[in-house]
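Residue numbers (the working numbering): 30 to 295.
The beta-carbon is built from N, C-alpha and C at its ideal position, and this holds for glycine as well.
This one's a predicted model, so the numbers in the text were calculated from it and none came from an experiment.
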Ligand code: SIN
Ligand code: MN
């Protein structure tokens, strides 16, 4: 899947684009079912909120077939190859739960801030591409983005290791207020199967979820191969050190897997 001129322009100017209806109902159904299975496993890659609810599952592409196919999907890989003009590898892979009633906040941050400081990534030539598994409403902790904030480079940040179970380099309230004055603020809602891609320096965050509606989103962090990380400090399954370029699977691979899966479980 290739981005058109308008999408490329919006990405350059605003730092994000949303692509609705990228994945079918069947494709999403199998990913949702498998995400729940993974959250029920007792494994180090599944991190929990302080309440015990799942927060994120790392590296599912390495131990789950459906998420492995998603991690090679041309609808996600090709747009990033197009933007970076080279092959990409998987730097990080997360299935964020934002569980009903207890899903916790993600403070204001830039992704590249963490990749640079914690992983020794040379340039912001990596980015998150997110697949919505549940409907994202205005009220169940949508991702909030500050348009155009990617144009400011890496901003000062403090290492917050206490607000949630996930350590994060977070921005000050003053910095966020200034950036919102300049670029505004959007909350990206959308149906399951929609895809959001955003620049590694785009400032974003999300509030807690006190509704009965979970908000599962899968994030592939794809890094340009030449921009491989130089100084890893985190576990291999958080910041991968296998820099092999991803070869995309066939466009119908996940649909075929989903049909067989759903037939078997019917
Ligand atoms: C992230 O920024 O890495 C996750 C935010 C979210 O899932 O709300
Ligand atoms: Mn982030």
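For the set 274, 275, 289, the Cα lying nearest the Cα of residue 281 is the one of 289.
Look at residue 38 here: in three-state DSSP terms it is helix.
A direct Cα-to-Cα measurement between residue 249 and residue 163 gives close to 16 Å. Counting only the Cα atoms, residue 137 lies some 13 Å from residue 237. For residue 68, the shortest C-beta to heavy atom distance toward the ligand SIN is 7 Å or greater. Between the C-alpha atoms of residue 89 and residue 185 there is a straight-line separation of about 31 Å. Taking a cut-off of 8 Å for Cβ pairs, the segment 45-59 and the segment 80-89 do not touch, as fewer than three such pairs fall below it.
Not one heavy atom of the ligand MN is found less than 7 Å from the C-beta of residue 55. Annotation note: the segment 53-114 contains the following uninterrupted beta strand (DSSP E) runs of length 3 or greater, listed N- to C-terminal: 75-77, 83-87. A straight line joining the alpha-carbon of residue 94 with that of residue 206 spans about 42 Å. Under DSSP, residue 144 shares a beta bridge with no residue. Distance from the Cα of residue 183 is smallest, within the candidate group 107, 229, 213, for 229. Short of 6 Å from the beta carbon of residue 135, and not among the five residues preceding or following it, lie these beta carbons of its own chain, in chain order: 234, 235. Residue 113 is a Cβ neighbour of residue 253, given a cutoff of 8 Å. For the pair of segments examined, the segment 56-75 was found not to touch the segment 143-151: the number of CB pairs separated by less than 8 Å stays below three. Contact between the segment 106-126 and the segment 202-217 is absent: fewer than three C-beta pairs spanning the two stretches fall below 8 Å. Counting C-beta pairs with one atom in each stretch, the segment 239-248 and the segment 161-177 have three or more that are closer than 8 Å, which means they touch. The Cβ-Cβ distance between residue 143 and residue 109 does not fall below 8 Å.
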